[in-house]
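Enquirer: For the sequence shown, my numbering begins at 88 and goes up steadily by one.
Here it is: the structure, laid out below.
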Amino acid sequence: KDTWRVREVETALQLRDQAIRDAESACSERDAHFLSLSRAEAALQRSTEGLSDAVSQRDALLSELEHSNRLGEQLGDAQRLAAQWEGRAGREAAQRGESQRALEGVRGERDALVRALEETKGERDALSASLSGLR
Numbered sequence: 088k089d090t091w092r093v094r095e096v097e098t099a100l101q102l103r104d105q106a107i108r109d110a111e112s113a114c115s116e117r118d119a120h121f122l123s124l125s126r127a128e129a130a131l132q133r134s135t136e137g138l139s140d141a142v143s144q145r146d147a148l149l150s151e152l153e154h155s156n157r158l159g160e161q162l163g164d165a166q167r168l169a170a171q172w173e174g175r176a177g178r179e180a181a182q183r184g185e186s187q188r189a190l191e192g193v194r195g196e197r198d199a200l201v202r203a204l205e206e207t208k209g210e211r212d213a214l215s216a217s218l219s220g221l222r
């Protein structure tokens, strides 16, 4: 009867040892799954951050595009207005030859002023160089 009792205890110990090994194996698998899940979560977080950055960049580009479209509309309006003024100026100049001659005179005066300004700049540069030499 003692032999039978010893076998029963040995069997129980073997079953306990097997249960411990199975539990350790299950823990190892759980740890591996947890690690894999943690990596997937980190990858998802990076992906979410990348997506958030992409959405922010898209929104900024859309804002720039809208601004560009508004500027394009304003430019179109300005070009139409300029064309109207050029048309009016052309009609007025055609109606009065004096306007054209006066405009040419003003252009001549402007050209003379530009030349005088360039000469003045040259004189200023020369004086500045002389002044630098005296220092």
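Quick reminder that beta carbons are idealized off the backbone N, C-alpha and C, glycines included.
1) What number of angstroms, rounded off, separates the C-alpha of Thr135 from the C-alpha of Gly159?
2) In three-state terms, what does DSSP make of Arg183?
3) Could you give the distance in angstroms between the alpha-carbon of Gln182 and the alpha-carbon of Asp164?
Expert: Considering the structure as presented:
1) 35 angstroms
2) coil
3) 27 angstroms
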